[in-house]
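>
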Amino acid sequence: MGLVSNPLRSRDQRLPLYQKIDPSTKERYSDDEYESPSSDTESDRTFATLSPCRSRDVSAASPKPGFLFSAKHRSARKAALYPYRLPTKVSRYVFLAVLLTLLLMILSLVRASQVENWKVANGKILTAPPPPPVWEKFTFLKRYYGGLRTLRPFADSEPEYPRAREAEPPAAPRQASDSSQRGGRTERRNVADSKSWHDYPTRSVESGMQQCFLDDANKIRPPPLRYFDGRPLGFPENAAGSYEILKLPEDICFERFGRLGPYGFGYSTRAGGLGTGEHGENEASEAVWESVPRVDYRHVDWADVQRRCFQANAGRFKELPPPTPSPHGFYVSDARSPSGGPGATGQKKINGRAGAVGSGKGAAKTKKLSRTAVVVRCWDEYLFREDDIANIRAMVSELSVASGGRYDVHLLVQVKNDARHPVWADQEAYEKRIRDAIPEEFRGLVTLWTETQMLSLYQGIHDLWSRGPGLPVHGVYRGLSMAMQYFAYQHPEYDYFWQWEMDIRYTGHYYDLLTKLEQWATAQPRKGLWERNSRFYIPAAHGSWEDFSQMSRVQSEMGVVGADSVWKKMPGAADQAPEAVTKKGRPVWGPLRPSDPNDWFEVEDDGVPETKHEADRYQWGVGEEADLISLNPLFDPDGTTWLLRDDITGFNSSNPLPPRRASIITTSRLSRRLLMAMHRTTAYKKQFAFPEMWPSTVALHHGFKAVYAPHPMYVDRRWPVEYMAQTYNGGRDGSSGGSRTSIFGEREHNMHGLSWFYNSGFAPNLYRRWLGLKVNNDGGDEFEQTADRSKSGPGVGNMPGGEGRMCMPPMLLHPVKDVELPIEAPPEEQAADTGLPESDPAA
103 MGLVSNPLRS RDQRLPLYQK IDPSTKERYS DDEYESPSSD TESDRTFATL
153 SPCRSRDVSA ASPKPGFLFS AKHRSARKAA LYPYRLPTKV SRYVFLAVLL
203 TLLLMILSLV RASQVENWKV ANGKILTAPP PPPVWEKFTF LKRYYGGLRT
253 LRPFADSEPE YPRAREAEPP AAPRQASDSS QRGGRTERRN VADSKSWHDY
303 PTRSVESGMQ QCFLDDANKI RPPPLRYFDG RPLGFPENAA GSYEILKLPE
353 DICFERFGRL GPYGFGYSTR AGGLGTGEHG ENEASEAVWE SVPRVDYRHV
403 DWADVQRRCF QANAGRFKEL PPPTPSPHGF YVSDARSPSG GPGATGQKKI
453 NGRAGAVGSG KGAAKTKKLS RTAVVVRCWD EYLFREDDIA NIRAMVSELS
503 VASGGRYDVH LLVQVKNDAR HPVWADQEAY EKRIRDAIPE EFRGLVTLWT
553 ETQMLSLYQG IHDLWSRGPG LPVHGVYRGL SMAMQYFAYQ HPEYDYFWQW
603 EMDIRYTGHY YDLLTKLEQW ATAQPRKGLW ERNSRFYIPA AHGSWEDFSQ
653 MSRVQSEMGV VGADSVWKKM PGAADQAPEA VTKKGRPVWG PLRPSDPNDW
703 FEVEDDGVPE TKHEADRYQW GVGEEADLIS LNPLFDPDGT TWLLRDDITG
753 FNSSNPLPPR RASIITTSRL SRRLLMAMHR TTAYKKQFAF PEMWPSTVAL
803 HHGFKAVYAP HPMYVDRRWP VEYMAQTYNG GRDGSSGGSR TSIFGEREHN
853 MHGLSWFYNS GFAPNLYRRW LGLKVNNDGG DEFEQTADRS KSGPGVGNMP
903 GGEGRMCMPP MLLHPVKDVE LPIEAPPEEQ AADTGLPESD PAA
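For my numbering, add 102 to where a residue sits in the sequence shown, where the first one is 1.
#1: If you draw a straight line from the C-alpha of G893 to the C-alpha of K244, how long is it?
#2: On a Cα-Cα basis, can you pick out the residue from T252, N415, C480 that is closest to F330?
#3: Please classify T713: is it buried, with 16 or more other beta-carbons within 10 angstroms of its beta-carbon, or exposed?
#4: According to DSSP, is D406 part of a helix, a strand, or is it coil?
#5: Compute the Euclidean distance between the alpha carbons of Y365 and P699, then round it to the nearest angstrom.
#6: Leaving aside the five residues before and after S141 along the sequence, list all residues of the same chain whose C-beta is less than 7 Å from its C-beta, in chain order.
#7: Classify T304 as buried or exposed, calling it buried when 16 or more other Cβ atoms lie within 10 Å of its own Cβ.
#8: Got a sec, what are the start and stop residues for the alpha helix (DSSP H) H804 sits in?
#9: For C411, does the three-state DSSP call read helix, strand or coil?
#10: Could you check how far apart the C-beta atoms of L550 and R537 are, in whole angstroms? I think they sit under 8 Å.
#11: What is the DSSP secondary structure of Q592, reduced to helix, strand or coil?
#12: Please list, in chain order, all residues of the same chain as G840 whose beta carbon is under 6 Å from its beta carbon, the five residues on each side excluded.
#13: Based on Cα-Cα distance, which residue from R418, G368, S387 lies nearest to D398?
#14: Give me whichever residues DSSP pairs with Y608 in a beta bridge.
#15: Give me the residue from P711, G630, F650, G709 with the minimum Cα distance to R688.
#16: Use the C-beta contact count for A223: other C-beta atoms within 10 angstroms, 16 or more gives buried, fewer gives exposed.
#17: Using 8 Å as the Cβ pair cut-off and three pairs as the minimum, do the region 539-553 and the region 576-592 touch?
#18: In whole angstroms, give me the CA-to-CA distance for S428 and Q887.
#19: Run the CB neighbour count on Q216, radius 10 Å, all protein chains shown included, and call it buried at 16 or more, exposed below.
#20: First and last residue of the alpha helix (DSSP H) that includes G361?
#21: Near S798, which residues of its chain fall below 8 Å by C-beta distance, leaving aside the five closest residues on each side in sequence?
#22: Report the start-end ranges of each beta strand (DSSP E) in the region 720-793 that is 3 residues or longer and not cut off at the edges.
#23: Please report the straight-line C-alpha distance between Q721 and H715, rounded to a whole angstrom.
#24: Below 9 Å between beta carbons: does that hold for M913 and N340?
#25: Who are the near neighbours of V690 in its chain, counting only those whose CB is closer than 6 Å to its CB and skipping five residues on each side?
#26: Give the straight-line distance between the Cα atoms of W602 and R771, rounded to the nearest whole angstrom.
#27: Between which two residues does the alpha helix (DSSP H) carrying Y195 extend?
#28: Spell out a yes or no on whether the region 343-363 and the region 310-320 are touching, meaning 3 or more CB-CB pairs, one atom from each, closer than 8 Å.
#29: Using three-state DSSP, classify S387 as helix, strand or coil.
#30: Whose C-beta lies closer than 6 Å to the C-beta of N496 among residues of the same chain, with five residues either side of it excluded?
#31: Using the Cβ count rule (16 or more neighbours within 10 Å means buried), how would you classify I208?
#32: Span of the alpha helix (DSSP H) holding A475?
#33: Hey, how far is the Cα of E726 from the Cα of G895?
#34: Just checking my contact of G874 with A889 at CB under 8 Å: how many whole Å lie between their CB atoms?
#35: G855 and G863: beta carbons closer than 9 Å?
#36: Under 9 Å between the Cβ atoms of V921 and Y869?
Listed below in structure tokens is the structure:
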């Protein structure tokens, strides 16, 4: 049926019949809110014209009579809740933007969580600032700043610190006892008379020497130092170290004129002085130049002074070895050496043990003295101020001139920019750099060196970059020992070398200090030496030196339970004796070499003990010159928090790091034997370590004699002595190193108040006050001359003053940098200001 068409039906176009939908129904089901109301009518008319057979003609089929009429006009419908729908493209973009935003937020939160976890794990999380260290809560000691008018004999000086029983500090000196009232004015007490250093009974004296002078005519000598008996009332005693065991003078004191006046302090540059110290408090200062007149230093050549002094005393010293040859071929005018060439200089003498140079048949008859070089480290951009000049003059005068040539002072100057100053390419550039950088009187003392020179000498060293790419191993920070090694190689005439720095000051006599340090080090036995070297000696807590040595031996052999002893928390440890839960130490006896024999180098000359440790009766080493004399404890850096503890290279990295020792501050005396071992080990084995660790480590590996000399050190606050001893010797087994509780590293802040430490704040302040300068608005000329009776109570700022110039016993101070003293204008500027010639008396 459905496949055959009906022939009876018309062939006209047939359309389906559509029924008009009720408007209410359309509104309920339609989405077309903007349909035109006339659209149905127009559609009907179109269909009516096109089709003769229309469904609309069948009117009887309509259920309603109004079906054939046109649709009525409907009013506009109300706007829906969302009047506008975004296009599909825009909607997609909005969706993607929201999705990406959410994704970024999620990733940011994940990353923030990771960063926070890393900060927590590495201790980088921001927390509240920690409370100040305990030592900063201690009260300041103020009697360091007492003056000459309160001098008392040493036994009656009533030191403010330390005392056996804590009591009130000594009262400030009453002005009524030291002055008298006349007409409402206060008359100051007279200053006691000073004495010449030549009159001090226990000073070091060089025997059998010929007198040395500053000029060719042998007429000019520097005036002697002047000292005062006793100390200012209440002046504190040293907290660490000892005057007694080193036999240094502790019953006298020096003020600035008696110490620096012989070297130009206190008179004008017109007279050859420094042009400073001419004004202010200067009572009784003229005594410095009573016996010997002021010296005109404008024409002094200190290199020539040292050379002439040695020549006058050459018979007292060992015969000079041949100079180190320069590998520059031959020069036709040079004489041929008897041994067959200029290179045959006897290398065995140069590199041999200190004391072997010049030993011949006549050595048994007359003992010849060894000579020492005092090498002061500097750089070519250093600004020489008046205080620096006075200090170098004092060193040359008191060490070389006063010893008859036994000591020579050198300046080892680094050229920082050798690209701009090609000192190795041109001799004229070498000399010009010295002329431009160094005062005229010291130019003959200078030896230049550069970092690129060290790089060419010591090639092949594996750099660990322990302090970043800006501090290479050949640089001045990490490679300072290289320059000292090569200096010793170039100067075979010296058996010993003091490594010194420009920012060190000593308020006593330099020759007296160095000779007594050397004598004490020579007298030390080898047994227990490394154990004593690793500890601070605090007399108020440790007692005598013998008590301290015994304590050191017991702690090293039996061990000490400390905060860093992990085995003390084992189960049952609380019920056992201390020796049952502590690990016994092994004393250092002879060379302590690396574990890999391939890391050993030239061990034939090592210091091997003659007997076992138990059999020795503290005899080995007595009378033996020390290869290393340090001015700070020689601690074990292993296990400490010191940043440079692992800065050692050239050893087998598959094994644990080799045994090592370190001493903060490179100032020390090194023997030629030690320096040549360091030089050859670095050159041939490519082994090296940080400068504060390398000399003592080489001495440990070869069994050389190393000694820490406990010189007196002062502290600026009232530390409890027992707490100080526990803090400073807080390392393994009661030493200063060997564990994370060591004072070296994160706990170094405890030494900021010492008079001898590389970043001490006390030493520079104390020295400036001693010079009469103001520090933190305290001190100065008015403080020294006038008493302010409105001030009283504890604290440095509450001192009334009026006691005169400060007077301090001999002490080492470090660091002292950039001391700016008030100076007079140069003569040419004065003449320009006054308009008068320099020779005019009215100028």
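Every residue gets a Cβ at the ideal spot worked out from N, C-alpha and C, and that includes glycine.
Keep in mind the model is a prediction, meaning the values are calculated, not measured.
Here's the rundown:
#1: Here residue 893 refers to the residue found at position 791 when the sequence shown is read from its first residue. Here residue 244 refers to the residue found at position 142 when the sequence shown is read from its first residue. Here residue 893 is Lys; the residue named in the question, Gly, does not match the sequence. K893 and K244: Cα-Cα distance of roughly 13 Å.
#2: The sequence position of residue 330 within the sequence shown is 228, counting from 1. Of the candidates T252, N415, C480, the one whose C-alpha sits nearest the C-alpha of F330 is T252.
#3: Here residue 713 corresponds to residue number 611 of the sequence shown, with the count starting at 1. Under this definition T713 is an exposed residue.
#4: Locating residue 406 in the sequence shown gives position 304, where the first residue counts as 1. In this structure, D406 counts as helix in the three-state DSSP scheme.
#5: Stepping through the sequence shown from its first residue, residue 365 is reached at position 263. Stepping through the sequence shown from its first residue, residue 699 is reached at position 597. Whole-angstrom Cα-Cα distance: 54 Å.
#6: For the purposes of this step, residue 141 is taken as residue 39 along the sequence shown, with counting starting at 1. Low local confidence applies: a pLDDT of 47 at S141 is under 50, so the model's placement there is unreliable, with the coordinate-based value given in what follows. Hits under 7 Å: none found.
#7: By one-based count along the sequence shown, residue 304 stands at place 202. With fewer than 16 other Cβ atoms within 10 Å, it is exposed.
#8: Here residue 804 refers to the residue found at position 702 of the sequence shown. H804 -> alpha helix (DSSP H) spans 796-804.
#9: Indexing the sequence shown from 1 puts residue 411 at position 309. The answer is helix: DSSP assigns C411 an H, G or I state.
#10: Taking the sequence shown and counting its residues from 1, one reaches residue 550 at position 448. Taking the sequence shown and counting its residues from 1, one reaches residue 537 at position 435. Wrong, their Cβ atoms sit about 12 Å apart, outside the cutoff.
#11: Numbered from 1 along the sequence shown, position 490 holds the residue referred to as residue 592. For Q592, the secondary structure class from DSSP, reduced to helix, strand or coil, is helix.
#12: As a working mapping, residue 840 is identified with position 738 in the sequence shown. Here the set comprises D738, G741, G833, R834.
#13: Position 296 of the sequence shown, counted from the first residue, corresponds to residue 398. Among R418, G368, S387, the Cα nearest to that of D398 belongs to G368.
#14: The count along the sequence shown starts at 1 and reaches residue 608 at position 506. Under DSSP, Y608 takes part in a beta bridge, and its partners are L914.
#15: Counting from 1 along the sequence shown, the entry for residue 688 is found at position 586. Checking every option, the nearest Cα to that of R688 belongs to G630.
#16: Reading the sequence shown from its first residue, position 121 is the one you call residue 223. Exposed, because fewer than 16 other Cβ atoms sit within 10 Å of the Cβ of A223.
#17: Touching, per the Cβ criterion.
#18: Taking the first residue of the sequence shown as position 1, residue 428 is located at position 326. Taking the first residue of the sequence shown as position 1, residue 887 is located at position 785. Rounded to the nearest angstrom, the two C-alpha atoms are 60 Å apart.
#19: Numbered from its first residue, the sequence shown carries residue 216 at position 114. Q216 is exposed by the Cβ-count criterion.
#20: Taking the sequence shown and counting its residues from 1, one reaches residue 361 at position 259. Here residue 361 is Arg; the residue named in the question, Gly, does not match the sequence. Where R361 is concerned, the enclosing alpha helix (DSSP H) stretches over 358-362.
#21: Within the sequence shown, residue 798 is the residue found at index 696, counting from 1. Cβ within range, chain order: L730, S732, L736, R762, R763, A764, S765, A808.
#22: Listed in chain order, they are 730-732, 770-773.
#23: Within the sequence shown, the letter at position 619 stands for residue 721. Within the sequence shown, the letter at position 613 stands for residue 715. Near 11 Å, if we compare the C-alpha coordinates of H715 and Q721.
#24: For the purposes of this step, residue 913 is taken as residue 811 along the sequence shown, with counting starting at 1. For the purposes of this step, residue 340 is taken as residue 238 along the sequence shown, with counting starting at 1. Yes; because the gap between Cβ atoms is below 9 Å, this pair is in contact.
#25: Locating residue 690 in the sequence shown gives position 588, counting from the first residue. For V690, where only same-chain residues beyond five positions count, the Cβ hits under 6 Å are W632.
#26: The residue labelled residue 602 in the question sits at position 500 within the sequence shown. The residue labelled residue 771 in the question sits at position 669 within the sequence shown. Each residue's Cα considered, the two are about 9 Å apart.
#27: Position 93 of the sequence shown, counted from the start, is the residue given in the question as residue 195. Note, Y195: alpha helix (DSSP H), 190-223.
#28: no
#29: Working through the sequence shown from its first residue, we reach residue 387 at position 285. Here S387 sits in helix by DSSP.
#30: Residue numbering aside, residue 496 sits at position 394 when the sequence shown is read from its first letter. Checking the sequence shown, residue 496 turns out to be Ala, not Asn. So the qualifying residues of the chain are Y365.
#31: The residue labelled residue 208 in the question sits at position 106 within the sequence shown. With fewer than 16 Cβ atoms within 10 Å of its Cβ, I208 is classed as exposed.
#32: Reading the sequence shown from its first residue, position 373 is the one you call residue 475. Note, A475: premise wrong, no alpha helix (DSSP H); beta strand (DSSP E) at 474-481.
#33: Within the sequence shown, numbered from 1, the residue matching residue 726 stands at position 624. Within the sequence shown, numbered from 1, the residue matching residue 895 stands at position 793. Taking the straight line joining both Cα atoms gives about 52 Å.
#34: The residue labelled residue 874 in the question sits at position 772 within the sequence shown. The residue labelled residue 889 in the question sits at position 787 within the sequence shown. G874 to A889, Cβ: 16 Å. No contact.
#35: For the purposes of this step, residue 855 is identified with residue 753 of the sequence shown, where counting begins at 1. For the purposes of this step, residue 863 is identified with residue 761 of the sequence shown, where counting begins at 1. Closer than 9 Å, so yes.
#36: Residue numbering aside, residue 921 sits at position 819 when the sequence shown is read from its first letter. Residue numbering aside, residue 869 sits at position 767 when the sequence shown is read from its first letter. Contact: yes.
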